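Undergrad: Taken in order, these protein sequences are the chains called A and B.
Residue numbering for the first sequence follows the working numbering, starting at 36 and increasing by one per position.
Residue numbering for the second sequence follows the working numbering, starting at 36 and increasing by one per position.
Here it is, the structure in full.
Number of protein chains: 2
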Amino acid sequence: MEKLEQLYEGKAKKVFKTDNPNEFIIEYKDDATAFNGEVKGSIGGKGVINNKMTGVIFTMLEEKGIPTHFVKVLSENEQLVKAVTIFPLEVIIRNTAAGSICKRLGLEEGLKLKSPIFEFCYKNDDFGDPVINDYHAIAMKLATAEEIETIREMTFKINEILKTYFLEKGINLVDFKIEFGKTSDGQIVLADEISPDTCRFWDVKTNEKLDKDRFRRNLGHIEEAYEEMLKRVQA
Amino acid sequence: MEKLEQLYEGKAKKVFKTDNPNEFIIEYKDDATAFNGEVKGSIGGKGVINNKMTGVIFTMLEEKGIPTHFVKVLSENEQLVKAVTIFPLEVIIRNTAAGSICKRLGLEEGLKLKSPIFEFCYKNDDFGDPVINDYHAIAMKLATAEEIETIREMTFKINEILKTYFLEKGINLVDFKIEFGKTSDGQIVLADEISPDTCRFWDVKTNEKLDKDRFRRNLGHIEEAYEEMLKRVQA
Ligand SMILES: Nc1ncnc2c1ncn2[C@@H]1O[C@H](COP(=O)(O)OP(=O)(O)O)[C@@H](O)[C@H]1O
Ligand SMILES: Nc1ncnc2c1ncn2[C@@H]1O[C@H](COP(=O)(O)OP(=O)(O)O)[C@@H](O)[C@H]1O
Ligand SMILES: [Mg+2]
Ligand SMILES: [Mg+2]
Numbered sequence: 036m037e038k039l040e041q042l043y044e045g046k047a048k049k050v051f052k053t054d055n056p057n058e059f060i061i062e063y064k065d066d067a068t069a070f071n072g073e074v075k076g077s078i079g080g081k082g083v084i085n086n087k088m089t090g091v092i093f094t095m096l097e098e099k100g101i102p103t104h105f106v107k108v109l110s111e112n113e114q115l116v117k118a119v120t121i122f123p124l125e126v127i128i129r130n131t132a133a134g135s136i137c138k139r140l141g142l143e144e145g146l147k148l149k150s151p152i153f154e155f156c157y158k159n160d161d162f163g164d165p166v167i168n169d170y171h172a173i174a175m176k177l178a179t180a181e182e183i184e185t186i187r188e189m190t191f192k193i194n195e196i197l198k199t200y201f202l203e204k205g206i207n208l209v210d211f212k213i214e215f216g217k218t219s220d221g222q223i224v225l226a227d228e229i230s231p232d233t234c235r236f237w238d239v240k241t242n243e244k245l246d247k248d249r250f251r252r253n254l255g256h257i258e259e260a261y262e263e264m265l266k267r268v269q270a
Numbered sequence: 036m037e038k039l040e041q042l043y044e045g046k047a048k049k050v051f052k053t054d055n056p057n058e059f060i061i062e063y064k065d066d067a068t069a070f071n072g073e074v075k076g077s078i079g080g081k082g083v084i085n086n087k088m089t090g091v092i093f094t095m096l097e098e099k100g101i102p103t104h105f106v107k108v109l110s111e112n113e114q115l116v117k118a119v120t121i122f123p124l125e126v127i128i129r130n131t132a133a134g135s136i137c138k139r140l141g142l143e144e145g146l147k148l149k150s151p152i153f154e155f156c157y158k159n160d161d162f163g164d165p166v167i168n169d170y171h172a173i174a175m176k177l178a179t180a181e182e183i184e185t186i187r188e189m190t191f192k193i194n195e196i197l198k199t200y201f202l203e204k205g206i207n208l209v210d211f212k213i214e215f216g217k218t219s220d221g222q223i224v225l226a227d228e229i230s231p232d233t234c235r236f237w238d239v240k241t242n243e244k245l246d247k248d249r250f251r252r253n254l255g256h257i258e259e260a261y262e263e264m265l266k267r268v269q270a
């Protein structure tokens with residue numbers, strides 16, 4: 036399998052074609068951005084850590100019956116995935132209130148939600164990934180009503196699996212953002228990544244943040260947090 | 036029936052207690068605000084027009100089976116209503132894209148939506164009435180899942196009635212914002228007002244705006260637009 040031309044470069048990853056039209060290579064970068072690209076920086080070792088962590092977690096999710104785009108890890112910072120058409124939706128689950136929702140709605144950070152909040156954002160940097168609902172998504176043809184239902188069901192299942200998985204590793208899964216895509220044969224699969232870039236991980240005992248909020252909020256010990264998370268996932 | 040102390044004053048109306056604990060008096064003002072109170076002004080005759088128009092429309096909706104808070108018009112700018120506890124939700128239907136949704140999501144103003152977009156905003160001026168979904172509303176205890184379902188069903192029914200009603204008057208009902216409340220005996224009713232302050236009305240033939248966008252966008256002939264709408268509703 037050959038790595039061919041770059042298809043696109045995002046804020047945290049590059050996507051490359053391969054000689055198989057149904058497979059892409061994702062290259063994970065150390066680049067980090069916050070607040071819709073306003074703050075730019077780099078987190079040493081992040082690309083390698085997120086590549087490995089996503090590999091472990093997507094393999095585990097596949098074993099629990101969640102179809103994903105993941106094929107295999109190729110190198111320290113590259114993985115082979117199924118080529119998909121990404122739904123332009125950021126699919127978010129919040130188990131505890133933190134981050135943007137607190138500012139937007141006046142909730143206190145750390146508030147445990149009785150039941151998870153499911154959120155869609157329209158994945159579009161020009162508009163700052165605005166919160167939308169099913170009606171917006173359907174009207175804007177981001178997905179059909181049936182696709183949205185599939186995505187919602189898969190997301191709640193993923194949350195249940197991840198919550199238990201991380202709790203066993205001493206981590207409170209506060210919230211996460213995932214993306215879904217459609218393969219050439221029409222299957223909806225979990226795509227993109229699951230890492231400290233896309234989740235909020237709080238240590239169960241100390242409440243210490245082990246995720247990208249250390250970068251966003253300038254809390255220091257960023258690399259150590261990412262390393263600690265990889266260690267727990269690999270344990 | 037006696038008008039007693041003022042309960043609260045909003046941006047467009049005042050609410051007074053009466054000697055009947057189950058009834059309030061709403062006094063309609065000429066005050067107009069835009070962009071979450073950033074722009075303040077006044078529209079001559081608006082209070083009288085909105086009081087009358089809401090009276091006509093709520094009476095019509097009651098006749099078509101929609102429970103509302105409306106009891107009767109008391110004077111040029113006052114009406115008697117059932118006292119309700121307002122759900123802190125701005126309930127919005129969009130038949131055509133216009134206003135905030137165009138800026139927020141990059142839709143073209145005037146785009147006819149294949150099916151109506153139903154939207155909730157959290158009614159809270161401090162946070163700029165942010166868009167939310169069912170999960171947020173339930174988590175924040177703004178309404179229960181059952182109440183939301185009732186509100187949604189009533190809103191779609193109201194949209195069908197209003198679309199037909201206004202079309203017969205040569206008006207394209209672009210979008211509207213309504214509020215719901217709960218009476219002391221637990222009934223969910225349509226409350227607040229339906230007027231050029233809370234709807235976008237476009238003339239079917241000329242596309243002329245006959246609503247508060249004339250004020251928001253400084254288009255002139257504001258009073259005439261409100262008067263024209265009242266004339267059509269009373270015809
Ligand atoms: N299996 C896949 N096939 C095609 N594109 C993918 C796949 N998985 C993820 N992507 C896309 O790769 C792009 C690069 O990732 P990233 O750097 O995170 O981008 P962004 O700046 O949009 O967050 C994203 O647009 C993401 O949706
Ligand atoms: N039947 C009712 N009982 C109690 N409050 C009501 C009723 N109908 C409307 N209201 C409330 O009256 C207040 C005054 O109206 P308005 O000036 O439009 O306020 P706002 O500035 O919040 O838009 C609003 O908060 C509205 O929700
Ligand atoms: Mg990304
Ligand atoms: Mg109002």
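The beta-carbon is built from N, C-alpha and C at its ideal position, and this holds for glycine as well.
The structure displayed is predicted, hence computed values, not measured ones.
Can you say whether H256(A) is buried or exposed, counting buried as having 16 or more other CB atoms within 10 angstroms of its CB?
TA: Exposed, because fewer than 16 other Cβ atoms sit within 10 Å of the Cβ of H256(A).
Undergrad: For the beta strand (DSSP E) that contains V50(B), what are its first and last residues?
TA: 48-53 is the extent of the beta strand (DSSP E) around V50(B).
Undergrad: Under a Cβ-count criterion, where at least 16 other Cβ atoms within 10 Å of its own Cβ denotes burial, should E195(A) be classed as buried or exposed?
TA: Classification of E195(A): exposed, given that the 10 Å Cβ count is below 16.
Undergrad: What's the C-alpha gap between A118(B) and P56(B)?
TA: Looking at the two C-alpha atoms, the distance is approximately 7 Å.
Undergrad: Along the region 122-148 of chain B, where does the CB come closer than 7 Å to a CB of chain A? Name the residues.
TA: From the region 122-148 of chain B, only R139, L140, G141, L148 have a Cβ closer than 7 Å to chain A.
Undergrad: May I ask you to list the residues that DSSP assigns as paired with K38(A)?
TA: Note: K38(A) sits in a beta bridge opposite T53(A).
Undergrad: Quick one: using the 10 Å Cβ neighbour count with 16 as the cut-off for buried, is A226(A) buried or exposed?
TA: Burial call: buried.
Undergrad: Compare the C-beta of I152(B) against all C-beta atoms of chain A and say whether one is closer than 9 Å.
TA: So, interface residue.
Undergrad: Output, in sequence order along the chain, the residues in the region 154-168 of chain B whose CB is closer than 8 Å to any CB in chain A.
TA: Cβ contacts with chain A come from E154, F155, Y157, N159, D161, F162, P165, V166, I167, N168.
Undergrad: Alpha carbon to alpha carbon, what distance is there between E263(A) and E40(A)?
TA: Whole-angstrom Cα-Cα distance: 34 Å.
Undergrad: Which residues of the region 169-181 of chain A have a Cβ closer than 7 Å to any Cβ of chain B? Give them in chain order.
TA: Hits within the stretch, in order: Y170, H171, A174, M175.
Undergrad: Applying the 10 Å Cβ sphere with the 16-neighbour rule, what's the burial state of Y43(B)?
TA: With fewer than 16 other Cβ atoms within 10 Å, it is exposed.
Undergrad: Cutting at 7 Å between CB atoms, please list the residues of its own chain near L96(B), excluding the five before and the five after it.
TA: Excluding positions up to five away in sequence, the list reads T103, I193, I196, L225.
Undergrad: Could you check what DSSP says for R252(B) in three-state terms: helix, strand or coil?
TA: Three-state DSSP puts R252(B) in coil, outside helix and strand.
Undergrad: Evaluate Q114(B) with the Cβ neighbour count: other Cβ atoms within 10 Å of its Cβ, from every protein chain shown; 16 or more gives buried, anything less gives exposed.
TA: With 16 or more Cβ atoms within 10 Å of its Cβ, Q114(B) is classed as buried.
Undergrad: Less than 8 Å between the CB of F59(B) and some heavy atom of ligand 2, yes or no?
TA: Yes.
Undergrad: Would you call the CB atoms of K247(A) and A132(A) closer than 9 Å?
TA: Contact: no.
Undergrad: When you compare each of T190(B), C234(B), I121(B) to G100(B) by their alpha carbons, which one comes out closest?
TA: For the residues T190(B), C234(B), I121(B), the minimum Cα distance to G100(B) belongs to T190(B).
Undergrad: Ignoring anything shorter than 4 residues or poking outside the region 93-158 of chain B, list the alpha helix (DSSP H) runs there in chain order.
TA: With a minimum length of 4 residues, the continuous alpha helix (DSSP H) runs that stay inside the region 93-158 of chain B are 135-140.
Undergrad: Mapping DSSP to helix, strand and coil, what is N91(A)?
TA: The sequence given here has Val at residue 91(A), not Asn. Helix, per DSSP.
Undergrad: So does the region 130-150 of chain B actually touch the region 206-226 of chain B, counting three or more Cβ pairs closer than 8 Å?
TA: Yes: the two stretches touch, three or more of their Cβ pairs being nearer than 8 Å.
Undergrad: Could you give the distance in angstroms between the alpha-carbon of L140(A) and the alpha-carbon of S110(A)?
TA: Near 42 Å, if we compare the C-alpha coordinates of S110(A) and L140(A).
Undergrad: Take V116(A) as the anchor and find which of F201(A), E259(A), E62(A) has the nearest alpha-carbon.
TA: That would be E62(A), whose Cα lies nearest to the Cα of V116(A).
Undergrad: Please state whether DSSP places G216(B) in a helix, a strand or coil.
TA: Note: G216(B) maps to strand in three-state DSSP.
Undergrad: How long is the line joining the alpha carbons of K204(A) and A174(A), rounded to whole angstroms?
TA: Cα to Cα, K204(A) sits roughly 41 Å from A174(A).
Undergrad: Which residue wins for smallest C-alpha separation from L245(B), given the options K48(B), T53(B), F51(B), K81(B)?
TA: Ranking the options by Cα distance to L245(B), first place goes to K81(B).
Undergrad: Going by beta carbon distance, what residues of the same chain come within less than 7 Å of K217(A), once the five residues before and after it are set aside?
TA: Within the same chain, K217(A) has close Cβ partners V119, T120, I223.
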